[in-house]
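Worksheet: one structure, shown below.
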Amino acid sequence: MTRTIDFIFDFASPNGYFALKGLRGVAKRTGVPVKVIPCLLGGIFKATGNQAPFVAFGGVKGKMDYEMLEIRRFVARYGLTAFRMNPHFPINSLMAMRGLCAVEPGPDFDRYLEAVSAGYWERRLAMGDPAVLQSVLDDAGLDGAEILARAGTDEVKAILAANTEAAVARGVFGVPTFFVGEEMFFGKERLDQLEVLLSAA
Numbered sequence: 518m519t520r521t522i523d524f525i526f527d528f529a530s531p532n533g534y535f536a537l538k539g540l541r542g543v544a545k546r547t548g549v550p551v552k553v554i555p556c557l558l559g560g561i562f563k564a565t566g567n568q569a570p571f572v573a574f575g576g577v578k579g580k581m582d583y584e585m586l587e588i589r590r591f592v593a594r595y596g597l598t599a600f601r602m603n604p605h606f607p608i609n610s611l612m613a614m615r616g617l618c619a620v621e622p623g624p625d626f627d628r629y630l631e632a633v634s635a636g637y638w639e640r641r642l643a644m645g646d647p648a649v650l651q652s653v654l655d656d657a658g659l660d661g662a663e664i665l666a667r668a669g670t671d672e673v674k675a676i677l678a679a680n681t682e683a684a685v686a687r688g689v690f691g692v693p694t695f696f697v698g699e700e701m702f703f704g705k706e707r708l709d710q711l712e713v714l715l716s717a718a
């Protein structure tokens with residue numbers, strides 16, 4: 518049976534962006550492909566009672582300073598010098614995630630993923646604005662208007678909802694989460710553990 522890394526993903530999370538970049542190296546070194554599964558982080562939070570770190574730990578002295586330190590370390594380790602914290606954070610990702618669900622796996626999916634991730638976490642754009650999202654897609658050579666039209670259909674809405682429900686049923690409580698079979702890993706800091714598992718088998 519061919520193994521994959523199931524990656525529970527939402528553009529809204531900067532840690533999702535970091536994991537997306539870091540997973541490329543893991544996949545290359547281990548020969549195990551990544552399957553990006555679009556989910557809605559807000560829906561996961563609602564279903565599990567979880568909160569974003571800046572909400573849950575914002576009042577804890579030193580906690581968010583340490584979170585930023587971890588980000589700087591991760592950026593340095595993986596050479597992610599294009600990363601910029603988005604001034605519009607937190608950013609609504611509903612339309613962006615529905616749009617990703619509207620694109621079939623393949624080159625257009627990968628182009629969408631790259632362009633929209635960059636819009637959120639490199640170009641510092643207001644990606645919750647559908648006009649901005651469409652412009653980013655158009656700039657990437659995609660038909661932004663067509664994709665967003667499909668993103669508004671009941672069929673595509675149902676895909677994102679089903680993906681999110683299925684993720685919660687697997688035990689997901691946040692992004693980024695990875696699965697190899699039944700083995701679950703949470704957080705960008707778990708990429709090393711994930712690679713050890715894949716390399717040992």
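In the working numbering, the protein residues as written are 518 to 718. Ideal Cβ positions, reconstructed from N, Cα and C, are used throughout, including at glycine.
Which residue marks the beginning of the beta strand (DSSP E) containing residue i, and which one marks its end?
i, result
"arginine 694", "Looking at the sequence shown, residue 694 is not arginine but threonine. Element bounds for threonine 694: 694 to 697."
"aspartate 523", "522 to 526"
"valine 551", "551 to 555"
Measuring alpha carbon to alpha carbon, tell me which residue in the options is nearest residue i.
i, options, result
"glycine 658", "Tyr629, Ala569 and Ala573", "Tyr629"
"methionine 626", "Arg590, Ala564 and Pro555", "It is phenylalanine, not methionine, that sits at residue 626 in the sequence shown. The shortest Cα separation from phenylalanine 626 among Arg590, Ala564 and Pro555 belongs to Pro555."
"glutamate 639", "Asn680, Asn603 and Ala668", "Asn603"
"glycine 688", "Ala679, Glu699 and Ala678", "Glu699"
"alanine 675", "Leu617, Pro693, Glu706 and Leu650", "Leu617"
"alanine 564", "Ile608, Phe606, Val685 and Ala662", "Val685"
"alanine 678", "Ala643, Asp527 and Arg520", "Asp527"
"asparagine 609", "Arg520, Gly596 and Tyr637", "Tyr637"
"lysine 705", "Leu540, Thr519 and Ile522", "Leu540"
"leucine 597", "Leu715, Pro531 and Glu682", "Pro531"
"phenylalanine 571", "Pro607, Pro550 and Tyr595", "Pro607"
Between which two residues does the alpha helix (DSSP H) holding residue i run?
i, result
"isoleucine 608", "Careful: isoleucine 608 lies outside any alpha helix (DSSP H) and carries neither H nor E."
"methionine 644", "Note, methionine 644: premise wrong, no alpha helix (DSSP H); not H, not E."
"proline 624", "624 to 638"
"methionine 585", "580 to 595"
"proline 570", "570 to 573"
"glutamate 682", "671 to 686"
Should residue i be labelled buried (16 or more other beta-carbon atoms within 10 Å of its own) or exposed?
i, result
"arginine 615", "buried"
"leucine 558", "buried"
"tyrosine 583", "exposed"
"threonine 670", "exposed"
"glycine 691", "buried"
"threonine 694", "buried"
Could you give the distance in angstroms between the alpha-carbon of residue i and the alpha-carbon of residue j?
i, j, result
"serine 634", "methionine 701", "24 angstroms"
"aspartate 660", "leucine 654", "7 angstroms"
"valine 553", "arginine 641", "23 angstroms"
"lysine 580", "arginine 589", "14 angstroms"
"alanine 613", "threonine 521", "24 angstroms"
"lysine 545", "methionine 644", "30 angstroms"
"alanine 632", "alanine 683", "26 angstroms"
"glutamine 651", "alanine 666", "10 angstroms"
"proline 550", "asparagine 567", "29 angstroms"
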